[in-house]
Amino acid sequence: MDSDAERLARVQRVIDGHREEIERLRNRPTWLSVIGVIAIIVVGGGLVELVRHLI
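Taking my numbering, the leading residue of the sequence shown gets 2, the next gets one more, and so forth.
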């Protein structure tokens, strides 16, 4: 059975990992976000057209 200290250390590692991920996302170039949004729109539109053709 884990002690309180072990559980606290595990939770702290998870929190630190989330903080690092947030910082990495903040530091990425804006154009990557724009490309991601465009890709979602293109893929979403393609799926809509595919469904229309199947119906």
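C-beta: ideal position from N, C-alpha, C; glycine also.
Collapsed DSSP secondary structure at residue i in the structure displayed
{"i": "Ser-4", "result": "coil"}
{"i": "Ile-56", "result": "coil"}
{"i": "Arg-29", "result": "coil"}
Alpha carbon of residue i to alpha carbon of residue j, nearest angstrom
{"i": "Ala-10", "j": "Glu-22", "result": "18 Å"}
{"i": "Gln-13", "j": "Thr-31", "result": "30 Å"}
{"i": "Asp-3", "j": "Val-15", "result": "16 Å"}
{"i": "Val-35", "j": "Glu-7", "result": "41 Å"}
{"i": "His-19", "j": "Arg-25", "result": "10 Å"}
{"i": "Arg-27", "j": "Asp-17", "result": "15 Å"}
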